[in-house]
Amino acid sequence: MAQDAMCQRLTMTSPNNPAPSGDSGGYDPAAIESKWQDRWSTRGTNKTDIEGGERPFYALMMFPYPSAEGLHVGNLFAFTGNDIYGRFHRQQGHTVFEPLGYDAFGIHSENHALKVGIHPMRLIPSNIANFRRQLERAGLMVDWSRSVDTTSPDYYRWTQWVFLQLLKRGLAYKKKGAVNWCPNDKTVLANEQVIGGRCERCDALVEQRFLEQWFFRISDYAERLLTNLETLDWSETTKTAQRNWIGRSDGARVTFKVARNGVASTVEGDEITVFTTRPDTIFGATYMVLAPEHPMVDVLTTAAEQEKVTAYRDATSRQDLVSRKTNKEKTGVFTGSYAINPATHQPIPVWIADYVLMEYGTGAIMAVPGHDERDFEFAQVFGLPIVRVVAAEGEGADAPLDAAYSDDANGRLVNSGPFEDLPVAGARQAVTTWLAEHGAAQAVTNYRLHDWCISRQRYWGPPIPVIYCDTCGPQPVPESDLPVVLPDIPDFRPDDSGVSPLARHAEWYHVPCPNCGEQGRRETDVSDTFLDSGWYFLRYPSVGHDTEPFDAELTRKWLPVNSYIGGNEHAVLHLLYARFITMVLHDMGYLHFEEPFTRFRAHGLIIREGAKMSKSKGNVVNPDAFIDQWGADSFRTYLMFLGPYEEGGDFRDAGISGVRRFLDRLWLAAELATTEGAPDQGVLRKLHQTIAKVTNDVPRLSYNTAIAAMMEYMNVLRKGERTPHRDEVVPVIQLVAPFAPHIAEELWERAGHSASVFDSGWPTFDADLAREDEVQLAVQVNGKLRGTLTVARDITQEAALELALADPSIAKHVTGTIRKVIFVPGRLLNIVV
RNA sequence: GCGCGGGUGGCGAAAUGGUAGACGCGAAGGACUUAAAAUCCUUUUCGGGCAACCGAGUGCGGGUUCGAGUCCCGCCCCGCGCACCA
Numbered sequence: 133m134a135q136d137a138m139c140q141r142l143t144m145t146s147p148n149n150p151a152p153s154g155d156s157g158g159y160d161p162a163a164i165e166s167k168w169q170d171r172w173s174t175r176g177t178n179k180t181d182i183e184g185g186e187r188p189f190y191a192l193m194m195f196p197y198p199s200a201e202g203l204h205v206g207n208l209f210a211f212t213g214n215d216i217y218g219r220f221h222r223q224q225g226h227t228v229f230e231p232l233g234y235d236a237f238g239i240h241s242e243n244h245a246l247k248v249g250i251h252p253m254r255l256i257p258s259n260i261a262n263f264r265r266q267l268e269r270a271g272l273m274v275d276w277s278r279s280v281d282t283t284s285p286d287y288y289r290w291t292q293w294v295f296l297q298l299l300k301r302g303l304a305y306k307k308k309g310a311v312n313w314c315p316n317d318k319t320v321l322a323n324e325q326v327i328g329g330r331c332e333r334c335d336a337l338v339e340q341r342f343l344e345q346w347f348f349r350i351s352d353y354a355e356r357l358l359t360n361l362e363t364l365d366w367s368e369t370t371k372t373a374q375r376n377w378i379g380r381s382d383g384a385r386v387t388f389k390v391a392r393n394g395v396a397s398t399v400e401g402d403e404i405t406v407f408t409t410r411p412d413t414i415f416g417a418t419y420m421v422l423a424p425e426h427p428m429v430d431v432l433t434t435a436a437e438q439e440k441v442t443a444y445r446d447a448t449s450r451q452d453l454v455s456r457k458t459n460k461e462k463t464g465v466f467t468g469s470y471a472i473n474p475a476t477h478q479p480i481p482v483w484i485a486d487y488v489l490m491e492y493g494t495g496a497i498m499a500v501p502g503h504d505e506r507d508f509e510f511a512q513v514f515g516l517p518i519v520r521v522v523a524a525e526g527e528g529a530d531a532p533l534d535a536a537y538s539d540d541a542n543g544r545l546v547n548s549g550p551f552e553d554l555p556v557a558g559a560r561q562a563v564t565t566w567l568a569e570h571g572a573a574q575a576v577t578n579y580r581l582h583d584w585c586i587s588r589q590r591y592w593g594p595p596i597p598v599i600y601c602d603t604c605g606p607q608p609v610p611e612s613d614l615p616v617v618l619p620d621i622p623d624f625r626p627d628d629s630g631v632s633p634l635a636r637h638a639e640w641y642h643v644p645c646p647n648c649g650e651q652g653r654r655e656t657d658v659s660d661t662f663l664d665s666g667w668y669f670l671r672y673p674s675v676g677h678d679t680e681p682f683d684a685e686l687t688r689k690w691l692p693v694n695s696y697i698g699g700n701e702h703a704v705l706h707l708l709y710a711r712f713i714t715m716v717l718h719d720m721g722y723l724h725f726e727e728p729f730t731r732f733r734a735h736g737l738i739i740r741e742g743a744k745m746s747k748s749k750g751n752v753v754n755p756d757a758f759i760d761q762w763g764a765d766s767f768r769t770y771l772m773f774l775g776p777y778e779e780g781g782d783f784r785d786a787g788i789s790g791v792r793r794f795l796d797r798l799w800l801a802a803e804l805a806t807t808e809g810a811p812d813q814g815v816l817r818k819l820h821q822t823i824a825k826v827t828n829d830v831p832r833l834s835y836n837t838a839i840a841a842m843m844e845y846m847n848v849l850r851k852g853e854r855t856p857h858r859d860e861v862v863p864v865i866q867l868v869a870p871f872a873p874h875i876a877e878e879l880w881e882r883a884g885h886s887a888s889v890f891d892s893g894w895p896t897f898d899a900d901l902a903r904e905d906e907v908q909l910a911v912q913v914n915g916k917l918r919g920t921l922t923v924a925r926d927i928t929q930e931a932a933l934e935l936a937l938a939d940p941s942i943a944k945h946v947t948g949t950i951r952k953v954i955f956v957p958g959r960l961l962n963i964v965v
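When you line the first sequence up against the working numbering, it's residues 133 to 965, in that order.
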């Protein structure tokens, strides 16, 4: 039988050499994998008892965008990691819910549809079907009866409902403003979709346009989004990324009066307010800079400077965002006007320059060239005065500055009137208070987080449920009228008008006003895909409930999500938006929690043979091919073995054979296992050490070391082709089950069980059985290893020292008197001479 | 520039401050075989030595410690993210 198994094994690893059909009991992944996938399906093994299940555990993974290329190995890496976690918890006695769906709306799909000339309403279902087929092959414990597809009206009616809730709450608003416009995709992009000034989808240079857009007031939640992070069990890197994105900075708003005839203007509003994080350096503010778009520019520009200012403003407005944001060369022009520095009471010139951005702070700055790099550079270019107001340790007040000194923790104020010699550390507060007493400042906190622009002038998304009426103004679509169905129109190509293609579809566009019944017009923008994914985890448990987005009772039972696993590319956007939506729904009384994901872990990235995978390089791993050749169990286990899950790893094609050999050995061991005699004590000891290791590693997502431990055990078990005892093998089937579910089910069944291995529990660890009686004691002399002694586990220091000194190869290094002995019981003895 | 990761054999990688290189790939040798494949056994950080053994070794330079891949200080390199954010 063993021989047969080996013949069979050969055929599996050599696709050029067709297998002799079914005459052996060898490990045949293709056969057992389809057998168990069918059986799981007919028996409903992967269905979660949503209503009745005890100890609910919601193991969520980020749902994929169903691309035409099919499932990426990165998707499978992510899902397998989550699947192991979920299956492990099931074996620990939880009712595990592991749903999966499709994030199928969005520019990505639409662009692809345009490219291949197939309507997205036809294209997406076939992509989804292909994804589903590939996902089934991977053997995931997904409850497919509760899936979501964001493009289905059953789903997006509730996305529209979410929009209406934010509108009701005053958190959705429309505003005309500068937006990022992609000239290629012909749509507005969120700030987050602009990467280095280019469209994240097509890489085109992004332009500025002024359009009416829908925004969500996420900035109202900035502080809460920031402070709540402390309470979350998330990867530290992800939290840091969110903190940086929210970008809290504490400082002051300081008002500078415009100088009129050399003195401060008394006219209301004739002033410039700036935001600064360094109010302590105000005595060094020698000029001011406004963003070119700043409204005060018109007021301040003198006749003599008008021409230059106009030309500069024109040039800036035509500039695309790339050169605006990456061109570090300082340019600018003088407005001809002055403002009064409220600390020194001196007039200082007001300039405009594109290095000051209208969208941050107040769109104006006080320039302190002595202590800000950018201001220093600008002052040098234009010959503006540079004054030192902070001196480092040992520096005089008039020490020359050859660069900006911007340390805000050390040093002392100089040339700063009443604050002379004050340490910088506490100066911020003192100066702000002083300025505030003179009515010139107030302490404020600023955030980099902008409101979320959700409008898209595209076709492939959920229509924003608003109707415009000439008499009543914009009206929400009544909730009872949802969904506003996306019409199936042949011409969905966007054009240059800045208006969605939906506007061209007259019978859809014209609709009565829900308030007065007169002729109205639909909002033609659709919403951002991130709104679809901002709440999908709330929907899964309630799939099938047609009258509400999420059932109150089920939500209370299953949410918040116990474990969320996904890519770090969503560390900022998706996770921040989902938290925001959850907070809003919580505040409106719909949810009992305000943070959706109790625990989040980001998985790493897979590269191949040391290089990033990309279509253009042609080095993308095709999961189907590997599963055909090696089996899904080997593929899954290899993905988890090739590196630490949270760091990713290098997919080397040859490496999978090692994992396959491991499963072959397991199969063979199970086939050969005998019930005669008793299990070997040494093997049993190793078994229990392995149980401990795997049980400890899986919750930490340390899958690679868990697999290594099981391999080690198999090496011990099969050492010298010994025949294993049944009791030595059966627990390994349970340990390996989360990783390689099909082979585990098959071997479990062959071991005489009729129920699923996933309902069989988890092997119990027995510390007594695992304990080693003898240990290798490392013996060092002066910290250098000089030998090892095989000794009893609980040997005393005295006995160990005696043994060590009796060993000539150790003793010869012990020259002179022993000054000290370090003894770590069971591990190490260090003799210091 | 700022932030976050990371740098360990030929390669992917392991190591609560306690024997560096587990596990796997690859490679070399052996058993079995007419032969090959598969399987099993052995070796495999580098240098020296027949060997016992000796020396060196976790990007570089310092430090703390009986003992440092691990902790501290200062650098270098690679990856990712943000980037004129006042």
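Using N, Cα and C, we set each Cβ at its ideal position, and we do this for glycine too.
Which residues in the same chain as F897 place their Cβ atom closer than 8 Å to its Cβ, once the five residues preceding and following it in sequence are excluded? H820, I823, A824, T827
Are the beta-carbon atoms belonging to R740 and N754 less than 8 Å from one another? no
Using CA atoms only, rank isn't needed, just tell me which of P615, D812, G787 is closest to D678. P615
Which residue or residues does DSSP assign as beta-bridge partners of C314? T319
Can the beta-carbon of L804 be found less than 8 Å from the beta-carbon of W377? no
Just the C-alpha distance for N259 and G158, rounded to the nearest angstrom, thanks. 35 Å
Return the chain-ordered list of same chain residues with a C-beta closer than 6 Å to the C-beta of T145, the five sequence neighbours on each side being excluded. At T145, the pLDDT of 33 sits below 50, so the modelled position is not reliable and the matter cannot be decided from this model.
Closest by CA to Q813, which one among G781, G790, V848, F794? V848
Limits of the alpha helix (DSSP H) - the one that F794 falls within: 788-804
Can you grab the Cα-Cα spacing for the pair D507 / T413, in whole Å? 13 Å
Inter-stretch contact (C-beta, 8 Å, three-pair minimum) for the segment 333-345 and the segment 566-578: no
If you count every other CB in all the chains shown that lies within 10 Å of the CB of H642, and 16 or more means buried, which is it? exposed
For V631, collect the residues of the same chain with a Cβ closer than 7 Å to its Cβ; drop the 5 residues on either side in sequence, then sort them by chain order. Q589, T656
Apart from the five residues on each side of it in sequence, which residues of its chain come closer than 8 Å, Cβ to Cβ, to V704? E324, A373, Q374, W377
Rounded to whole angstroms, what's the CA-CA distance from L533 to P501? Just pull it up for me. 10 Å
With DSSP run on the structure shown, which of helix, strand or coil describes S156? Annotation note: pLDDT 45 at S156 (below 50); position unreliable, coordinate value reported separately. Three-state result, S156: coil.
Give the single residue among N694, P692, L670 whose Cα lies nearest to the Cα of D683. L670
Whole angstroms are fine: how far does the CA of P619 sit from the CA of F871? 44 Å
Answer with buried or exposed for R792, where buried requires no fewer than 16 other C-beta atoms within 10 angstroms of its C-beta. buried
Quick one, are the C-beta atoms of G464 and A485 less than 8 Å apart? yes
S153 versus G676 - alpha carbon distance: Here S153 scores only 33 on pLDDT, less than 50, and its place in the model is too uncertain to base an answer on.
Compute the distance between the beta-carbons of Q223 and A876, then report whether it is under 8 Å. no
Would you decide whether Q292 is buried or exposed? Buried here means 16 or more other CB atoms lie within 10 Å of its CB. buried
Looking only at its own chain, which residues have a Cβ that is under 6 Å from the Cβ of T807, when we skip the five neighbours before and after it? R858
Straight-line CA distance for V280 to V338? 33 Å
Rounded straight-line distance, which links the Cα of H706 to that of Y696: 12 Å
Our contact map puts T283 next to A236 with C-beta atoms below 8 Å; I'd like the distance itself, whole angstroms only. 5 Å
Which residues DSSP lists as bridging G206, in chain order: In the DSSP output, where bridge partners are listed per residue, G206 has none listed.
Determine the closest residue to G915 out of V946, Q929, D939, with distance taken between C-alpha atoms. V946
With a 10 Å radius around its C-beta and 16 neighbouring C-beta atoms as the bar for buried, classify I942 as buried or exposed. buried
What do you get for M842, buried or exposed, if any count of 16 or more other CB atoms within 10 angstroms of its CB means buried? buried
Taking just the CA atoms, how far does A447 sit from L432? 19 Å
Report yes if the C-beta distance between D782 and G742 is below 8 Å; otherwise report no. yes
Spatial neighbours of T661 in its chain, beta-carbon cut-off 6 Å, leaving aside the 5 residues before and after: F237, G238
DSSP three-state call for I963: helix, strand or coil? strand
My output table needs one value for F510: the three-state DSSP class, helix, strand or coil. helix
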